[in-house]
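Colleague: The structure follows.
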Amino acid sequence: MYAVHHHRYQPDEPAWRELHRYTRVELPREIRPWLLDPGSLTARLIVASEGNFRVKVLQQSWQRPRFSERRLLGMQDREVGIVREVELHCNNEPWVFARSVIPASSVQGRLRHLRKFKDSALGAMLFSDPGMHRAPYELARLRGDSMTLPANLRSDEALWGRRSCFYLSGLPLMVSEIFLPAFRA
5 MYAVHHHRYQ PDEPAWRELH RYTRVELPRE IRPWLLDPGS LTARLIVASE GNFRVKVLQQ
65 SWQRPRFSER RLLGMQDREV GIVREVELHC NNEPWVFARS VIPASSVQGR LRHLRKFKDS
125 ALGAMLFSDP GMHRAPYELA RLRGDSMTLP ANLRSDEALW GRRSCFYLSG LPLMVSEIFL
185 PAFRA
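The numbering used here applies: residue 5 is where the sequence shown begins, and numbers increase by one.
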């Protein structure tokens, strides 16, 4: 179904830190409620854009995740997973860049459908699952020109992001969300 992509070079990763390692003053006031919201970002973006929301899939393939992603998910060094990168558009502008990693070991049984997720919002599926458990957030401040972002989304501004693991039937997957310059709280 997918070709496995092995990337020899992986760009510098954001310096993800646990939420409790940040003080309130370190987090920008205008984005803080979005970074700390325990609910579905997808649902909140739909409300903020008055329904003018869509998911643009940039890529979805079997890959070896980044080092910090493998560590967060408890994956072995050579283990692969489905890596999905999307732009979340509100009012026809990319507000959020999201990257999901689903280990191969998590794409089985009742979660087999995650192999063919297409252009749907992952958040809608996650938050509709009554057995879903979310681990605490990690946050990062990224340079706007970070190589971890697709070239068309890079900017001169520093960006904020969050990531966390979700557990469905005890199986992990990770979602990271980077708030882009077009984002409006």
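Glycine is no exception: its CB is placed at the ideal position from the N, C-alpha and C atoms.
(1) Just the C-alpha distance for Tyr6 and Pro18, rounded to the nearest angstrom, thanks.
(2) Please check the pair Val61 and Asp123, which I expect to be a contact at CB under 8 Å, by giving their CB distance rounded to whole angstroms.
(3) Our contact map puts Leu92 next to Val59 with C-beta atoms below 8 Å; I'd like the distance itself, whole angstroms only.
(4) Which two residues bound the contiguous beta strand (DSSP E) that contains Gly85?
(5) Distance, Cα to Cα, Leu23 vs Ser173?
(6) Can you name the start and end residues of the alpha helix (DSSP H) that Ala108 belongs to?
(7) For my contact list, Ser220 and Ala139 are in at a C-beta cut-off of 8 Å; report their separation, rounded to the angstrom.
(8) Thinking Ile106 and Gly85 are a contact (beta carbons under 8 Å), I'd like their distance in whole angstroms, please.
(9) Return the chain-ordered list of same chain residues with a C-beta closer than 7 Å to the C-beta of Leu31, the five sequence neighbours on each side being excluded.
(10) Is the CB-CB distance between Ser159 and Pro185 below 8 Å?
(11) Starting from the C-beta of Tyr13, find all residues in its chain whose C-beta is less than 6 Å away, skip the five residues before and the five after it, and write them out in chain order.
(12) Tell me the DSSP secondary structure of Pro37 in three-state form.
(13) Out of Ser44, Ser53 and Trp164, state which residue places its alpha-carbon closest to the alpha-carbon of Glu97.
(14) Rounded to whole angstroms, what is the Cα-Cα separation between Met151 and Arg116?
(15) Between the Cα of Gln64 and the Cα atoms of Val90, Trp20 and Arg166, which residue gives the shortest distance?
(16) Flag this pair as yes or no: are the beta carbons of Phe183 and Leu163 separated by less than 8 Å?
(17) Whose C-beta lies closer than 8 Å to the C-beta of Gly43 among residues of the same chain, with five residues either side of it excluded?
Modeller: Here's the rundown:
(1) Here residue 6 is taken as the residue at index 2 of the sequence shown, counted from 1. Here residue 18 is taken as the residue at index 14 of the sequence shown, counted from 1. Because Tyr6 carries a pLDDT of 48, less than 50, the predicted location of this residue cannot be relied on, and the following value inherits that uncertainty. If I take the Cα positions, the gap works out to 27 Å.
(2) One-based indexing of the sequence shown puts residue 61 at position 57. One-based indexing of the sequence shown puts residue 123 at position 119. Sure, about 5 Å apart at Cβ, within 8 Å.
(3) Position 88 of the sequence shown holds residue 92. Position 55 of the sequence shown holds residue 59. Taking a contact as a CB-CB distance under 8 Å, the pair Leu92 and Val59 counts as one, their CB atoms being some 6 Å apart.
(4) On the sequence shown, residue 85 is found 81 positions in, with the first residue counted as 1. That run of the beta strand (DSSP E) goes Gly85 to Cys94.
(5) Within the sequence shown, residue 23 is the residue found at index 19, counting from 1. Within the sequence shown, residue 173 is the residue found at index 169, counting from 1. Approximately 25 Å, taken between the alpha carbons.
(6) The count along the sequence shown starts at 1 and reaches residue 108 at position 104. Unbroken run through Ala108: none, as it is neither H nor E.
(7) Nothing can be reported for residue 220, as the shown portion of the chain is limited to 5 through 189.
(8) In the sequence shown, the residue the question calls residue 106 occupies position 102. In the sequence shown, the residue the question calls residue 85 occupies position 81. That pair is a contact at about 5 Å.
(9) Taking the sequence shown and counting its residues from 1, the one referred to as residue 31 is at position 27. Excluding residues within five positions, the ones whose Cβ falls inside 7 Å are Leu39.
(10) As a position in the sequence shown, residue 159 is number 155, starting the count at 1. As a position in the sequence shown, residue 185 is number 181, starting the count at 1. Yes, Cβ-Cβ distance for Ser159 and Pro185 is below 8 Å.
(11) As a first step, residue 13 is located in the sequence shown; it is residue number 9 there, counting from the start. A caution first: Tyr13 carries a pLDDT of 45, below 50, which makes its placement in the model unreliable, though a value can still be read off. Excluding sequence neighbours, Tyr13 sits near nothing in its chain.
(12) By 1-based counting over the sequence shown, the position of residue 37 is 33. If DSSP states are grouped into helix, strand and coil, Pro37 belongs with the helices.
(13) Here residue 97 refers to the residue found at position 93 of the sequence shown. When only C-alpha atoms are compared, the closest one is Ser53.
(14) Taking the sequence shown and counting its residues from 1, one reaches residue 151 at position 147. Taking the sequence shown and counting its residues from 1, one reaches residue 116 at position 112. Rounded to the nearest angstrom, the gap between the Cα atoms of Met151 and Arg116 is 31 Å.
(15) On the sequence shown, residue 64 is found 60 positions in, with the first residue counted as 1. Checked all of Val90, Trp20 and Arg166; the closest Cα to Gln64 is Val90.
(16) Taking the first residue of the sequence shown as 1, we reach residue 183 at position 179. Taking the first residue of the sequence shown as 1, we reach residue 163 at position 159. The answer is yes: Cβ separation under 8 Å.
(17) Within the sequence shown, numbered from 1, the residue matching residue 43 stands at position 39. Once the five neighbours on either side are set aside, the close Cβ partners of Gly43 are Phe131.
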